[in-house]
Structures are given as structure tokens and as C-alpha cells.
Amino acid sequence: MTLNVVKHHRWWFAISSILVIISLISIFMKGFNFGIDYTGGTIVEVVFEQPVEVSQVRDVLKEYNLENAQIQLSGDTTGDTSGKDVMIRTRNLESSESAAVVESLTKNVGQNTVKRIETVGAVIGSEVTEHALTNLLIAFLALAIYISYRFEYKVAISALIAIFHDLIMVLGVFSYFQLEIDASFLAAVLTVVGYSMNESVVIFDRVRENTHTHKRSDTFADLANASVTQSIHRSFYTLATVMFACVSLYVFGGDTTKNFALCMIIGFASGAYSSICVATSLWAIWKSRNKNDVRNQQ
Numbered sequence: 084m085t086l087n088v089v090k091h092h093r094w095w096f097a098i099s100s101i102l103v104i105i106s107l108i109s110i111f112m113k114g115f116n117f118g119i120d121y122t123g124g125t126i127v128e129v130v131f132e133q134p135v136e137v138s139q140v141r142d143v144l145k146e147y148n149l150e151n152a153q154i155q156l157s158g159d160t161t162g163d164t165s166g167k168d169v170m171i172r173t174r175n176l177e178s179s180e181s182a183a184v185v186e187s188l189t190k191n192v193g194q195n196t197v198k199r200i201e202t203v204g205a206v207i208g209s210e211v212t213e214h215a216l217t218n219l220l221i222a223f224l225a226l227a228i229y230i231s232y233r234f235e236y237k238v239a240i241s242a243l244i245a246i247f248h249d250l251i252m253v254l255g256v257f258s259y260f261q262l263e264i265d266a267s268f269l270a271a272v273l274t275v276v277g278y279s280m281n282e283s284v285v286i287f288d289r290v291r292e293n294t295h296t297h298k299r300s301d302t303f304a305d306l307a308n309a310s311v312t313q314s315i316h317r318s319f320y321t322l323a324t325v326m327f328a329c330v331s332l333y334v335f336g337g338d339t340t341k342n343f344a345l346c347m348i349i350g351f352a353s354g355a356y357s358s359i360c361v362a363t364s365l366w367a368i369w370k371s372r373n374k375n376d377v378r379n380q381q
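Numbering (the working numbering), first residue to last: 84 to 381.
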């Protein structure tokens, strides 16, 4: 049975367009919630006499509008959610605010000893961010040249559109829900780019092989559908494997890894969808409307 993906191309294009537009509106209207790694902030580290729950500490921080603070456990822990040594990373606090937080922790959570209270600068400055974006653009250009050489420019553009689609999906979700963007976010985004590109290359490599064996009566849509059908099992197994790892990290990992895992979950799901449904449909429709391509195929 051959999957007829291209037949529903209008649905794929409409769904993707709506999601991209919503994401872009959110990005430009709401912006992003950059974490302490980008903006700098205050670190408060205390050691409690008895193990405490992360939820107890967060309840106290909510009183000071610090519910988005990062809470890390270290030292003598009794699991993933409780421990004695607690480190809080949050926005810049005045000395009076820090003192009030510590006092409230003592009153509502338990006796503790303050190890340190210090203000730190941004780990990732604007210059580093600019370099990262520049490198990302260079990577896009290199990918376009490589795919154009290995396949053709229509394949390169289709694949790059799929990658752009995936990046916008990730950024849109993080912007809309104001999820914190920390140092690990860039690594997750680059991983999504690599995954999306790999999925597209696998499918278009199958398209290239089928081009040499196709029947004269086959259309570009037939080639695309056959190629997707032949590679769908591999794509599914790859997606299932990486999703299992990322979901496990999201569920069982600490608070500091949740957004890292979520970024990849969103990106991988979007990457599988865009590679199978969007990129191949875009290529097939583009080729079928080009008279020279149709003439060469026949």
C-alpha cells in the first residue's frame, strides 16, 4: 500500500501556514523569556537541616514572584525532588530581597545555613548569541550547497523550508507559553536542525533512487508518495527512539532539563511531520508545475 501524502498537500500547507503565522505573531508580540544564562541574575544557595521538597521551596518563591526560578538539589539528596542542599537561580535581586527570601525559607520550610548569595553576569552574552546565529546561517548555507550538489536546488529549498518550519514551531511554543530559554536551548535547537535535515535527506535520497527506475506514466507525486512509503518505517523507528529518550528525560529529569527535553520533543515531532508531509509535497508540486522538469521526466 502506497501512502498518498501529496494528495493532501493543501491540508499540510494550510496547517503549517497557520501554525507558522501564530508562532510568528507570538514571537513578535510576546517575545521570549530568557533565563539567567542570558540576562544574569542572583544565586542563592542554602543547606537545610532536613531534606526539603522542591515544591516547598517554589511555594515560598511564588510569594516574591519568583516562581520561574531554577531550583537545583545537590549534596545529600533523597531522590529527584528532595534534598538538603538547595541552589536557587533567579533574576537579579536586591540584598533586601535576598534576605527576605532566606528568612521566608527559614520560617516556612525549615532551619538552614546560607552558603552563598551572589550576583552573576550573563553566561551567554550578546556577542556569543550573535556568533551562534551567524554559525547557524552558515550551516544553512552549507546545507543548501551540499543538498543542491547531491540532489538539486529544488530539494535544497524544500528541505530548508522544512527546517525553518521546525525552528519556528519550537520558538513559537516557547514564546507563547513563555518557557524559559537557557544555555541548553541552543544545543537543543541545533539537534533539531540536524534531525530534520537527516529525515529530509533520507526521503529525498529514496526519491533520487526511484527516479532511475520509475515508469514513464509515474508523476512526481507518485515518486514522492512511493519514496515516503518506502522510508516511513525507518522514519517512524527513528522518531520513536529519540522520543522515548526525550520523554524519559522530560518526565524523570530535573527541572533544569525539562525545557531542553521539551524543545527536542517539539522539534522532532515537527521535523518528522515537515519532512514527510511538507517537504516532499512541496517538491512534488513544484516539479510538476515546471514544464522543463515534466518534459525531462518523460
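Note that beta-carbon positions come from the ideal geometry of N, C-alpha and C, so glycine has one too.
Use the C-beta contact count for THR125: other C-beta atoms within 10 angstroms, 16 or more gives buried, fewer gives exposed.
Taking the first residue of the sequence shown as position 1, residue 125 is located at position 42. Per the 10 Å Cβ criterion, buried.
Say whether the region 209-223 touches the region 337-354, bearing in mind that this needs 3 or more beta-carbon pairs closer than 8 Å, one atom from each stretch.
no
Hey, how far is the Cα of ARG93 from the Cα of GLU136?
Numbered from its first residue, the sequence shown carries residue 93 at position 10. Numbered from its first residue, the sequence shown carries residue 136 at position 53. Rounded to the nearest angstrom, the two C-alpha atoms are 50 Å apart.
Starting from the Cα of TYR324, find the closest Cα among PHE303, MET347 and GLN313 and give me that residue.
Looking up residue 324 in the sequence shown gives position 241. Here the sequence assigns Thr to residue 324, which means Tyr is not the residue at that position. Considering only alpha carbons, the answer is MET347.
Can you list, in chain order, the residues of its chain with a C-beta nearer than 6 Å to that of GLN261? Leave out the 5 residues immediately preceding and following it.
Position 178 of the sequence shown, counted from the first residue, corresponds to residue 261. So the list reads ASN116, once near-sequence residues are dropped.
Can you tell me whether PHE131 is helix, strand or coil according to DSSP?
Here the question's residue 131 lines up with position 48 in the sequence shown. The answer is strand: DSSP assigns PHE131 an E or B state.
Go ahead and label ASN175 buried or exposed: buried means 16 or more other beta carbons lie within 10 angstroms of its beta carbon, across all protein chains shown.
Translated into positions along the sequence shown, residue 175 becomes position 92. Answer is exposed; the Cβ neighbour count stays below 16.
Once the 5 residues before and after SER371 are set aside, which same chain residues still bring their CB inside 8 Å of it?
The count along the sequence shown starts at 1 and reaches residue 371 at position 288. The answer, listed in chain order, is THR302, PHE303, ALA304 and VAL377.
Do GLY255 and SER106 have their C-beta atoms within less than 8 Å of each other?
Looking up residue 255 in the sequence shown gives position 172. Looking up residue 106 in the sequence shown gives position 23. Contact: yes.
Do you know offhand how far GLN194's Cα is from LYS113's?
Position 111 of the sequence shown, counted from the start, is the residue given in the question as residue 194. Position 30 of the sequence shown, counted from the start, is the residue given in the question as residue 113. One C-alpha to the other measures close to 40 Å.
Could you check the C-alpha separation between GLN155 and LEU332 for me, to the nearest Å?
Taking the sequence shown and counting its residues from 1, one reaches residue 155 at position 72. Taking the sequence shown and counting its residues from 1, one reaches residue 332 at position 249. Approximately 16 Å between the Cα atoms of the pair.
List the residues that DSSP assigns as beta-bridge partners of GLU180.
On the sequence shown, residue 180 is found 97 positions in, with the first residue counted as 1. According to DSSP, GLU180 bridges with nothing at all.
Apart from the five residues just before and just after VAL203, which ones in its own chain have a Cβ nearer than 8 Å to its Cβ?
Counted from its first residue, the sequence shown places residue 203 at position 120. Hits under 8 Å: ILE119, GLY123, GLY124, THR125 and ILE126.
Can you give me the start and stop residues for the beta strand (DSSP E) that PHE195 sits inside?
Counting from one through the sequence shown, the residue named residue 195 turns up at place 112. Position check: residue 195 holds Asn in this sequence, whereas Phe was assumed. Its beta strand (DSSP E) spans residues 195-203.
Three-way DSSP call (helix, strand, coil) for LYS167 in this model:
As a first step, residue 167 must be located in the sequence shown, where it is residue number 84. Strand.
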